[in-house]
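Worksheet: one structure, shown below.
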Amino acid sequence: MPESTELASRLTKIEDPSNFDASTYADNFTGFMGATVKEGLTPEEGDALCPKLDNAYNAKFFTGYNLNGLGKELKVPGIDKGRATFLIEAKNRTPDDPVFVFNHGGAYLLGLFPIFLDTCRLLYNAIGNDRLSILILDYTTSARAKYPTQLDELSKTLNKLSESCNKIIIGGDSAGGHLSLSLLRHASYPVNGAQPLKKEALPYATLLISPWVDLSPNSKEGTYVTNDKTDILSGDALYAWGKFFSPDKFEDASINFHRDTAVDWTKIIPNKDNVFVYYGTNEVLAGAILQWANDRAKLDSSNILGDKNAVHEQVCFYPNERVESFNAIVDWFKKVLA
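Printed below as a string of structure tokens:
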């Protein structure tokens, strides 16, 4: 049995939902991603293997944590039922209470997995603010709908959320980071096919964990070469996934943010102090991420964290092993919530 097939089967096993072993699950998930790259699977083959776990299924992993509002749906007109649900909602939430909208990673190809939600849970516990809520968007994956469907779903979600929240934070890992940046750009430069973002729905802070800023990489240059043997991803795999996500536009600078020179990102971002970027120094996307953060967004160095010897979004998969980086994200969160 191919390694990818075996690891994919492990991602659906819930032997004891109330005692979720996040580290083992992370091993299986990152192993699956690495195996699809190593085995050279096409996006279609990867999608066929990948389990389809929705918000309701993921919630089963967290029933033992006493999370208020777990699984409560935010009913958003125009998107499928159950796509936007709370991991945790503040008791008697008011419009002045912050809501963090999390967009998961997985190259837009893989769906929602509990390892993403567990990292959000750990962040919530470490932040220690009981007025914070976390909303999870289970966007439509690229095998079922192409760009800009995912952006449309996020924009609609934020528009609906803004009716009951004045303090929206967005963020995500990998593809979820790309989706978050797409939303910010969309607010200033609307994308055809995506619902316009209301002014009151504009996020005031953004967390980016190894954001996928390059959908059409040249695998023969920069960190795509130097980090090819150290990361779980490769430039060729990212190129294939990007093309699958947006066959007509994946090479356009407008969705490859590291070379998006047609717009001024310093004006797109409402407050650059409220943007935090994490990347692993051993990931193939490191060069592109730094190019966006430094050259396009011109973020302060204090808001850019290069996790030494870490691979793609390692802090998301293994927060208990990347303690210093995890704590830096927590500290940033506390600052923007103050």
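For the sequence shown, the residue numbers in my numbering are 1062 to 1399.
Cβ atoms here follow ideal geometry from the backbone N, Cα and C, with glycine treated the same way.
Beta-carbon proximity check, residue i vs residue j, cutoff 8 Å
i	j	result
G1237	H1165	yes
K1221	P1308	no
F1174	L1072	yes
V1011	I1229	Here the chain covers residues 1062 to 1399 and nothing more, so residue 1011 does not appear.
Y1126	R1182	yes
G1167	S1235	yes
Y1250	V1324	yes
T1091	F1378	yes
A1349	W1326	no
N1242	P1272	Checking the sequence shown, residue 1242 turns out to be Leu, not Asn. The answer is yes: Cβ separation under 8 Å.
G1232	F1163	yes
L1170	P1112	no
Coarse secondary structure for residue i, derived from DSSP in three states
i	result
S1194	strand
N1164	strand
V1338	strand
T1322	coil
L1178	helix
F1147	strand
L1183	helix
L1366	strand
D1313	coil
V1286	helix
A1399	coil
D1297	helix
E1094	Looking at the sequence provided, one finds Met at residue 1094 rather than Glu. Reduced to three states, the DSSP call for M1094 is helix.
K1074	coil
R1154	coil
E1064	helix
Beta-carbon contacts of residue i that lie in its chain and below 6 Å, excluding the five residues immediately before and after
i	result
F1337	L1268, N1364 and W1393
F1161	I1195 and I1230
S1280	G1296 and D1297
R1144	D1199
W1353	V1274, F1318 and H1319
A1266	I1230, N1335 and V1397
E1312	S1277
A1389	L1366
Which listed residue (the options) has its alpha carbon closest to that of residue i
i	options	result
D1088	L1244, E1261 and E1067	E1067
G1341	T1284, N1129, C1226 and Y1086	T1284
G1172	M1094, D1321, P1264 and D1325	M1094
K1133	A1262, E1150 and P1209	E1150
S1203	K1310, P1331, V1345 and W1302	W1302
L1346	G1367, F1306, D1275 and D1313	D1275
L1184	F1387, R1357, P1156 and V1397	F1387
L1114	S1070, T1287, D1289 and A1314	S1070
Q1211	A1109, G1254 and Y1118	G1254
G1367	Y1339, T1291 and D1108	Y1339
G1130	P1112, A1109, R1154 and F1305	R1154
Same chain, Cβ closer than 7 Å to residue i, five either side skipped, listed in chain order
i	result
L1263	A1248 and P1331
K1310	Y1208 and I1316
A1083	I1176 and D1179
R1383	D1368, A1371, Q1375 and V1376
heavy atom of the ligand SAM below 7 Å from residue i C-beta
i	result
L1148	With respect to the ligand SAM, the structure offers nothing, as it holds no ligand at all.
Residues near residue i by beta carbon distance below 8 Å, same chain, minus five either side
i	result
D1361	K1333 and D1334
I1188	V1391, F1394, K1395 and L1398
Worksheet entry | Every unbroken beta strand (DSSP E) within the segment 1199-1270, with a cutoff of 3 residues, ordered by chain | If we require 3 residues or more, the beta strand (DSSP E) runs fully inside the segment 1199-1270 come out as 1229-1234 and 1266-1270.
Worksheet item: Considering only residues of the segment 1098-1148, which uninterrupted alpha helix (DSSP H) runs meet the minimum length of 4 residues and lie entirely inside it, listed in chain order?
Response: List check, alpha helix (DSSP H) in window: 1104-1110 and 1116-1120.
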